[in-house]
Structure formats: structure tokens, C-alpha cells
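To keep things clear, I will list the structure first and then write my remarks on it.
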Amino acid sequence: MHCQWRDCKEWLDSGLPLSTTSNEAVKMYDAVVTQYVSWYDNDSVGGMEKSVETMMAADPQFVMGSVLANGLDLIATGQSIYTSADLKKGVDDLVKLATTSNISQRERQHVDAVKLFADGDMLRAANKWEDILLDHPTDMLALKFAHDSYFYLGQGPQMRDSIARVLPHWKPTIPLYSYLMGMHSFGLVETNLYDQAEKVAKKGLELNPRDAWSTHSMCHVLEMGGRQVEGISFLKGTESDWASCGYLAAHNYWHWALYHTERTEYESALGILDDIISRGKASGAMLDIVDACSLIYRLEMEGVKTGDRWNDVYEMCRSHTSDHILVFNDVHILMSCLGAKNKEATIKMMESMKQFVSEKVGTQSDLGKEVGIQLCAAFIAADEGDYAKAVDLVHPLRYKIVTIGGSNAQRDLFNLFLIHAALNSPKKEHHCLARSLLAERKAFKENAPMTDRLMAKALAVHQSSN
Numbered sequence: 309m310h311c312q313w314r315d316c317k318e319w320l321d322s323g324l325p326l327s328t329t330s331n332e333a334v335k336m337y338d339a340v341v342t343q344y345v346s347w348y349d350n351d352s353v354g355g356m357e358k359s360v361e362t363m364m365a366a367d368p369q370f371v372m373g374s375v376l377a378n379g380l381d382l383i384a385t386g387q388s389i390y391t392s393a394d395l396k397k398g399v400d401d402l403v404k405l406a407t408t409s410n411i412s413q414r415e416r417q418h419v420d421a422v423k424l425f426a427d428g429d430m431l432r433a434a435n436k437w438e439d440i441l442l443d444h445p446t447d448m449l450a451l452k453f454a455h456d457s458y459f460y461l462g463q464g465p466q467m468r469d470s471i472a473r474v475l476p477h478w479k480p481t482i483p484l485y486s487y488l489m490g491m492h493s494f495g496l497v498e499t500n501l502y503d504q505a506e507k508v509a510k511k512g513l514e515l516n517p518r519d520a521w522s523t524h525s526m527c528h529v530l531e532m533g534g535r536q537v538e539g540i541s542f543l544k545g546t547e548s549d550w551a552s553c554g555y556l557a558a559h560n561y562w563h564w565a566l567y568h569t570e571r572t573e574y575e576s577a578l579g580i581l582d583d584i585i586s587r588g589k590a591s592g593a594m595l596d597i598v599d600a601c602s603l604i605y606r607l608e609m610e611g612v613k614t615g616d617r618w619n620d621v622y623e624m625c626r627s628h629t630s631d632h633i634l635v636f637n638d639v640h641i642l643m644s645c646l647g648a649k650n651k652e653a654t655i656k657m658m659e660s661m662k663q664f665v666s667e668k669v670g671t672q673s674d675l676g677k678e679v680g681i682q683l684c685a686a687f688i689a690a691d692e693g694d695y696a697k698a699v700d701l702v703h704p705l706r707y708k709i710v711t712i713g714g715s716n717a718q719r720d721l722f723n724l725f726l727i728h729a730a731l732n733s734p735k736k737e738h739h740c741l742a743r744s745l746l747a748e749r750k751a752f753k754e755n756a757p758m759t760d761r762l763m764a765k766a767l768a769v770h771q772s773s774n
């Protein structure tokens, strides 16, 4: 991992000058960006949180330091300017600081992008970061913020192309170069270019075996290719390289659990689920929380008894039921309310979502109106045993769900939900729909034991109804 932190002159020489005279501040800026891109806490600087504190203490007027600190809080999606007075003040103070500081056009664009993201306009924020990259293609912060924004918007082609545009401008000697491989690979896998994605991810791991994002991209390649045995072997063989990656390890374990679930190795999947829940309790990270919700829901659709685990998962989610930062998060949080059999929390969350979309503006408000509320209503209907209603609610959303973000593998939960609802519906036309969806699924991924099991179930339902 890059750890020779650059001072003011080195940043100037790289073509990315930072408007501060504090070498300590810019070195910590480098440290924070590195930890963000690599998904690791670096103990030599006290980890991410301590590095941010040191950076801002070294120069409280450091505009790019404030861009980074506030941007990271926003991009983590655990809080917003509507849920955190401190974050709102931080963004407001950043905007005021930028108006009174002698900063570059690039730095001013960063401030504008953070403000747009904070105000809920994720796409315009990503476009602003792309404007920076046209003139400064080696600005890793702009690149990573844009990359993550596209992920939250479900925009795979943009994730892929954003990295491809800047690659020719990077040299292997530039710090953090190797991490471009994992980012590019992920964009490739999300646009179904699996062979290219695998090649690029392997290059990333050759350059840096501890690159957890390249590891993560390989997980997607193996998942989407139906290579479950190879996936388990890959993660087991490389576990010592990525397991210490605090910000991404739980998610890589989640992928490991998907392989086991596909192969009906449920005890192994449950063991991983318990580990993810434990990590989520400790970290409070939204990625860990949604992974726990997703995995337990998938296992229950498979008929696996999960005991009282939903209660633990709901406790992780409880403080976020009225956040409405991402529709993707909201749907998973709602699953925890349903799983914990907390009807009051379910009702309050739906009321809160409806209030949010009626009062707020921005990307997530729009998505809530177009997809989120109806999708959540489908999960409530299924929980109440009204599978026909669930199908009628979610089926029209099939090709809109991508807009709520997440990866193809994560959103596959909704494909499976529709299939299960259709199979459990009393309507014959829904049974026919389930068979059609399963034929489509089998054509896309041939080696899929779960699909085979569902096809057998669909056949049995068809025969019993005739």
C-alpha cells in the first residue's frame, strides 16, 4: 500500500496542487484518500477517522481537507444533511470557506460537487467530478467519488467508462495506480463483460494481492459465471490478503456466503451471516448492515430457519429507518422491520418514506416515488401472505430497479423475490410468469443450482394446479 505521503511540493509537481501551506495537512490528505481507495485503515496514521482529525487540526482552513472529510461522510450513506446537524454544518461551512479562500478552479469544482451530493443531486455531483477529470485525469478523489456515485445510481456503463477514459493518463509510478484495475474491472463486470473483467481484476491482484476491490470484482465474475466452487476456493486461498480489510471484508464474506447458498451449503452460509452481523454491530457501516439484511432474506427464501437473527439485524437498522439516504438502503432496512415482526416500525418507516418523497427534492426522492415505495409495499404484501399483490407490485418495476443502485449481484435479491412471490401466488398466470423468469435466468447463467431447484418447484406447482 502507498504510504509515502506526499507533501505540498509533491502534490504541486503531480499537477494537483492543494491550497494550503501545511505539509502535515496534505500528507494526511494523502493518507485519507489512500485509505478510502484501498478500503483499509492504516494503523501508522491511526486509521481513517484519526487521519481526518489530524488533517483538519493541521489546517482548519484547508478546503480540500474539508471536501474530503464531508465527502466521505456523505458517500458512506450512513447520514445526510437531513439526519445530521453536524454534517449539514460541515457542508455549509465548506461552502462559506470556499467563497473566502484563494483556491483553484479544480478545488472549487470539488466543493460544488460535494454540495450537489449533499443536496441530493447525485448525478450532477458525478458530472461535476467528471468535469474535473477532463482536465485532471489523475485526480483520484474525483475519480473515486464519481465511481461511488455511479454505483449508487446503478450506472454500470458510467462506472466502466469513467475509469477507461483516464487510464491512458496514469503511469504505474503514480501512487494508487494499481487500484484503478479493480475499479475498472468492477465497471466491466457490471456491464456483463466478464472475460475482460476477470483479466483486469487479475492484473490488479498481481500488482497488489491485498487489493480487496479487485478481489471483490473477481467475486462478481465468479458469481455471475456460475463458478461457485471456484469462488469458494478463490476466497479461501486469498483470505489472508483481504480479511483484514475492515471496510470491505464483510462484503467479500457475503459473496462467499452466496456461493454456499447456491450449493445448499446452508450451515456454512449461516456461519458467515453470524460473522457479518457481528461485524455490522461493531462497525455500524451501512454496507455491512445491508449485507446482513440481504443474506438472511435470501436464506429464508431458500427455506432456511434463521432463528432470532432478524432481531439482531433490526437493532442495527433501527436508527436508520427514517434516514432515506438511498432507496436501496431503505428496502433492506424495511426487510429487517418485517423480519423482526415489528409492525409498528414497518408502518412508521413507510409513513416516513412517503413524507420524505413528498417534502424533499433530489435523486432519492424521485426514486422513492418511482420505485422505492412500491417496491417496499411488495415486500410488505409478501410478508402478509398476499403473494399475488406482491407480484403485481414488483413485476412492473423489473427494469426500473437498477436505478436504485447496488450491483447486479445485490439486486438479484429482487429477481429472486419476484420468482418466489410468483410461485407462491394462487394465480396460474403468476405461475406461468415464474416459469418464464426461470427460463430467462437459466439462459443467462447456465450453471445455477438454485435456478434448477426453483425450476423443479415451478414444475411441481404447475403439475399440481392442472
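In terms of the numbering used here, the sequence shown opens at residue 309 and continues consecutively.
In this text, a Cβ means the ideal position worked out from N, Cα and C, and glycines have one as well.
Opening and closing residue of the alpha helix (DSSP H) in which residue i lies
i, result
"residue 587", "574 to 591"
"residue 265", "Nothing about residue 265 can be reported from this structure: the residues present for the chain run from 309 to 774 only."
"residue 495", "487 to 497"
"residue 331", "331 to 346"
"residue 435", "430 to 443"
"residue 559", "557 to 570"
"residue 383", "371 to 383"
"residue 749", "736 to 752"
"residue 466", "464 to 474"
"residue 617", "617 to 625"
"residue 650", "Neither: residue 650 is in no alpha helix (DSSP H) and is coded neither H nor E."
"residue 606", "594 to 609"
"residue 458", "448 to 460"
"residue 527", "520 to 532"
"residue 426", "413 to 426"
"residue 719", "716 to 732"
"residue 762", "757 to 772"
"residue 482", "No alpha helix (DSSP H) holds residue 482; DSSP gives it neither H nor E."
"residue 504", "502 to 515"
"residue 394", "393 to 408"
"residue 536", "536 to 550"
Contacts around residue i, its chain only, beta-carbon distance under 8 Å, and the 5 residues preceding and following it disregarded
i, result
"residue 676", "632, 635, 638, 661, 664, 665"
"residue 532", "497, 500, 502, 716, 717, 753"
"residue 470", "438, 441, 451, 454, 455, 458, 495"
"residue 580", "561, 562, 564, 565, 568, 603"
"residue 538", "530"
"residue 557", "520, 550, 551, 587"
6 Å Cβ shell around residue i - same chain, five flanking residues per side excluded
i, result
"residue 494", "525"
"residue 466", "458"
"residue 386", "594"
"residue 509", "493, 522, 525, 526"
Which listed residue (the options) has its alpha carbon closest to that of residue i
i, options, result
"residue 644", "313, 434, 684, 611", "684"
"residue 648", "401, 375, 620, 505", "620"
"residue 586", "569, 554, 574", "554"
"residue 461", "651, 671, 773", "671"
"residue 528", "518, 768, 492", "492"
"residue 438", "421, 597, 426, 412", "421"
"residue 367", "592, 395, 337, 387", "337"
"residue 697", "535, 323, 734", "734"
"residue 429", "413, 403, 415, 382", "382"
"residue 771", "332, 552, 740", "740"
"residue 598", "322, 629, 547", "629"
"residue 720", "704, 369, 602", "602"
"residue 605", "341, 591, 565", "565"
Neighbourhood of residue i by C-beta distance below 7 Å, restricted to the same chain and skipping five residues each side
i, result
"residue 515", "486, 489"
"residue 560", "520, 523, 524, 527, 543, 550"
"residue 534", "753, 754, 755, 756"
"residue 417", "436, 439, 440"
The ligand GDP heavy atom lying under 6 Å from the CB of residue i
i, result
"residue 495", "Only the bare structure without any ligand can be found here, which leaves the ligand GDP out of the picture."
Subject >> Touching by the beta-carbon criterion (3+ pairs, under 8 Å), the region 444 to 454 and the region 678 to 691 >> reply: Not touching, per the Cβ criterion.
Subject >> Three-pair Cβ contact test at 8 Å for the region 476 to 488 versus the region 342 to 349 >> reply: Contact holds: three or more Cβ-Cβ distances are below 8 Å.
**OP:** Flag this pair as touching only if the region 469 to 477 and the region 352 to 359 have three or more C-beta atom pairs under 8 Å; answer yes or no.
**Re:** No, because fewer than three Cβ pairs between the region 469 to 477 and the region 352 to 359 fall closer than 8 Å, the two stretches do not touch.
Subject >> Inter-stretch contact at 8 Å, needing at least 3 Cβ pairs: the region 404 to 411 / the region 426 to 446 >> reply: These segments do not touch.
Original post:
Which whole runs of the alpha helix (DSSP H) in the region 664 to 699 are 4 residues long or more, in chain order?
Top reply: Along the region 664 to 699, the alpha helix (DSSP H) occurs as fully enclosed runs of 4 or more residues at 671 to 675, 681 to 691, listed in sequence order.
Original post:
Do the region 761 to 772 and the region 730 to 744 touch if we need at least three Cβ pairs shorter than 8 Å?
Top reply: Flag = yes, the region 761 to 772 and the region 730 to 744 touch.
Original post:
Using 8 Å as the threshold, is the region 563 to 577 in touch with the region 372 to 379, meaning 3 or more CB pairs across them?
Top reply: No, the region 563 to 577 does not touch the region 372 to 379.
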